[in-house]
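A short write-up of the structure that comes next.
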Amino acid sequence: MTKTKIANIPYGPYVTVLAGACVNEKPNYAAIGAYGVVSQKPVLYISLKNSHHTTAGVIENGFFSVNIPSSDEIDKTDYCGTVTGNKVDKSNIFQSFYDEAGKAPMIKECPVNYLCKVIQTIPIFDFTMFLGEIVAAYANESCLNNGRPDAAKVKPTILMDSGYFDINNRVGSIFKTCSGNK
Ligand SMILES: Cc1cc2nc3c(=O)[nH]c(=O)nc-3n(C[C@H](O)[C@H](O)[C@H](O)COP(=O)(O)O)c2cc1C
């Protein structure tokens with residue numbers, strides 16, 4: 001196998017999600033690829049450009065949501081990543097719901113929703129990384145298998161090389177070779 005050096009930039013893949021926050025009492029959502037876990041603890045991070053409308057809402061309230069859209073909702077998801085709430089009202093693109101644990105809107109149409117309380121803020125370049133403790137989580141009942149979200153039913157979207165991809169096949173099982181993994 002021949003290896004070629006390429007530019008030192010991230011190429012993905014990224015899971016595309018919708019970060020949510022209330023801004024001036026209105027729900028606002030931005031598509032993001034810069035999101036993830038830090039371990040198996042109930043903590044998620046999102047990284048938002050400082051100038052985004054959503055960023056102002058996370059700072060204002062100390063809460064954000066992470067909503068996993070189904071790939072069927074890719075057009076609305078992309079729209080939320082194309083226009084800014086600084087100029088366009090995005091509060092009616094999706095139906096929002098709330099949990100008493102914190103002030104951030106979640107999206108009814110998304111199969112999985114996390115409500116997170118900001119526990120750490122890390123400035124990085126012109127972005128801010130918000131680490132949030134998961135204080136509530138929701139899933140569409142139809143997307144569950146034994147109480148856990150099922151990937152084939154959730155249908156997350158992968159972003160890479162300016163394209164969106166869905167996941168079609170399960171190709172293996174975790175910890176199949178059990179020795180030495182723990
Ligand atoms: C697929 C996709 C992924 C994106 N990922 C991020 C990201 O990780 N962080 C970020 O700050 N902006 C990201 N953006 C850009 C924002 O979603 C976009 O600028 C949006 O208009 C911001 O909305 P707001 O100003 O209403 O918050 C992404 C856009 C798309 C389409």
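The UniProt record's numbering numbers the first residue of the sequence shown as 1 and each following residue consecutively. Ideal Cβ placement from N, Cα and C applies to all residues, glycine included. Bear in mind the structure is a predicted one, so any value in this text is a computation, not a measurement.
- By the Cβ criterion, the region 52-65 is in contact with the region 114-124, since at least three pairs of Cβ atoms, one from each stretch, lie closer than 8 Å.
- If you ignore the 5 residues before and after Phe94, its C-beta comes within less than 6 Å of the C-beta of Ile107 and Glu109, all in its own chain and listed in chain order.
- A direct Cα-Cα distance of roughly 9 Å separates Asp126 from Leu48.
- In the three-state DSSP reduction, Tyr14 falls in the strand class (E or B).
- Between Met160 and Tyr45, the gap from beta carbon to beta carbon reaches 8 Å or more.
- Using a cutoff of 7 Å, the CB of Asp72 does not count as near ligand 1, since none of the ligand's heavy atoms is closer than that.
- In this structure, DSSP gives Ser65 an extended state, which the three-state scheme calls strand.
- Three or more pairs of CB atoms, one per stretch, sit closer than 8 Å, so the region 75-93 contacts the region 9-29.
- Classified as buried, Lys90 has 16 or more neighbouring CB atoms from the shown chains inside 10 Å of its CB.
- Distances from the CA of Gly20 to each of Lys176, Arg148, Cys80 and Gly12 were compared; the closest alpha carbon is that of Cys80.
- With respect to Val17, Ile68 sits close: the two C-beta atoms are nearer than 8 Å.
- Contact check for Ile134 and Tyr164: beta-carbon distance about 26 Å, past the 8 Å limit, so the pair fails to qualify.
- Secondary structure note for Thr77: its alpha helix (DSSP H) is the uninterrupted segment Ile74 to Cys80.
- Put simply, of Val112, Gly12, Pro13 and Val37 the residue whose alpha carbon is nearest the alpha carbon of Lys155 is Val112.
- Residue range Val43 to Lys49 is occupied by the beta strand (DSSP E) that includes Lys49.
- Pro149 has its alpha-carbon roughly 7 Å from the corresponding atom of Ala139.
- In the same chain as Asp166, and ignoring 5 residues on each side of it, the C-beta atoms closer than 7 Å to its own belong to Ser71, Lys155 and Thr157, in chain order.
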